Amino acid sequence: MTLSALAEPNRLRIIELLRKDPLSVGEIAERLFLRQPQVSKHLKVLNEAGLVGVMPKAQLRIYQLETKPFKELDLWLEPFRDLWENRYEELDVLLEEMKADAKKTGM
1 MTLSALAEPN
11 RLRIIELLRK
21 DPLSVGEIAE
31 RLFLRQPQVS
41 KHLKVLNEAG
51 LVGVMPKAQL
61 RIYQLETKPF
71 KELDLWLEPF
81 RDLWENRYEE
91 LDVLLEEMKA
101 DAKKTGM
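FYI, in UniProt numbering the residues of the sequence shown are 1 to 107.
Here it is in structure tokens:
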């Protein structure tokens with residue numbers, strides 16, 4: 001559910017905004033140039049996925065990021081980081097070999 005919630009570009013933009021500070025629906029709508037009903041729908045999806053929490057503050061509902069799902073996502077991604085790091089290292093070796101071959105042949 002986390003990845004599907006983050007797959008929508010406007011929801012990802014909302015997450016990026018909330019990384020800095022908790023915000024109300026109106027503040028999010030204003031900063032992203034979206035209508036409040038759109039933002040509310042996106043926040044509902046993000047809330048159901050556990051990515052954001054809501055705090056009532058007088059007449060406002062303030063949304064903030066929840067850290068637990070992002071920590072879980074980070075743990076899940078860790079093996080992929082190792083895989084890509086190994087591939088980048090292999091690419092570096094290949095590029096160095098190609099440079100050495102190019103020098104030998106005068107290219």
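Each residue gets a CB set at the ideal place from its N, CA and C atoms; glycine is no exception.
The structure presented is a predicted model; accordingly, all values stated were derived computationally and were not measured.
For residue i, the first and last residue of its enclosing beta strand (DSSP E)
{"i": "G53", "result": "V52 to K57"}
C-beta contact flag for residue i and residue j at 8 Å
{"i": "L18", "j": "V54", "result": "no"}
{"i": "I14", "j": "L60", "result": "no"}
{"i": "P69", "j": "T2", "result": "yes"}
Identity of the residue in the options nearest residue i by Cα
{"i": "L32", "options": "N47, S24, N10 and K99", "result": "N10"}
{"i": "Y63", "options": "V39, E8 and E97", "result": "V39"}
{"i": "A7", "options": "V45, E30, E96 and A29", "result": "V45"}
Exposure label - residue i; buried when at least 16 CB within 10 Å
{"i": "V93", "result": "exposed"}
{"i": "L23", "result": "buried"}
{"i": "L65", "result": "buried"}
{"i": "A100", "result": "exposed"}
Where the alpha helix (DSSP H) containing residue i begins and where it ends
{"i": "L34", "result": "It is not in any alpha helix (DSSP H) - L34 carries neither H nor E in the DSSP assignment."}
{"i": "M1", "result": "Counting along the chain, M1 falls outside any alpha helix (DSSP H), and DSSP gives it neither H nor E."}
{"i": "A102", "result": "T67 to T105"}
{"i": "E16", "result": "P9 to K20"}
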